[in-house]
Amino acid sequence: MEADPKIIYSPLCTKFSKDGQVVEVNIFRLEIETGWHLEVVNAQNTSTVWDDPFETDEEAYAEFLSTVEEEGMVAFEDVPLVVH
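Its first residue numbered 8, the sequence shown is counted upward by one per residue in the numbering used here.
Following this line, the structure appears as structure tokens:
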């Protein structure tokens, strides 16, 4: 049985605060892959994950900053599911 691949975390992983909200930015890849994955976790522990990996960890972090600038921190808030 093969061992699970090691997860490599970017040094760009950080807690980010703006407009009174704090999120955790996780940028990581599997040691057997080259693409970097971006995950943002809010205070309610809800995770937002981008579908496609990035070529570099810098590109992933730049995408996070771009999302914050374009959509604000509301992009990472929990949105209640409304069923009609």
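Cβ atoms here follow ideal geometry from the backbone N, Cα and C, with glycine treated the same way. The structure displayed is predicted, hence computed values, not measured ones.
In this structure, the CA atom of Glu-76 is about 45 Å from the CA atom of Met-8. Counting along the chain, Thr-74 sits inside the alpha helix (DSSP H) bounded by residues 64 to 78.
Contact check for Ser-17 and Trp-57: beta-carbon distance about 14 Å, past the 8 Å limit, so the pair fails to qualify.
Residue environment: Leu-72 is assigned as exposed (fewer than 16 neighbouring CB atoms within 10 Å of its CB, all protein chains considered). Annotation for Thr-74: Ala-82 place their beta carbon closer than 6 Å to its own, counting only its chain and skipping 5 residues before and after. Along the region 11 to 57, the beta strand (DSSP E) occurs as fully enclosed runs of 3 or more residues at 14 to 16, 21 to 25, 28 to 37, 44 to 48 and 54 to 56, listed in sequence order.
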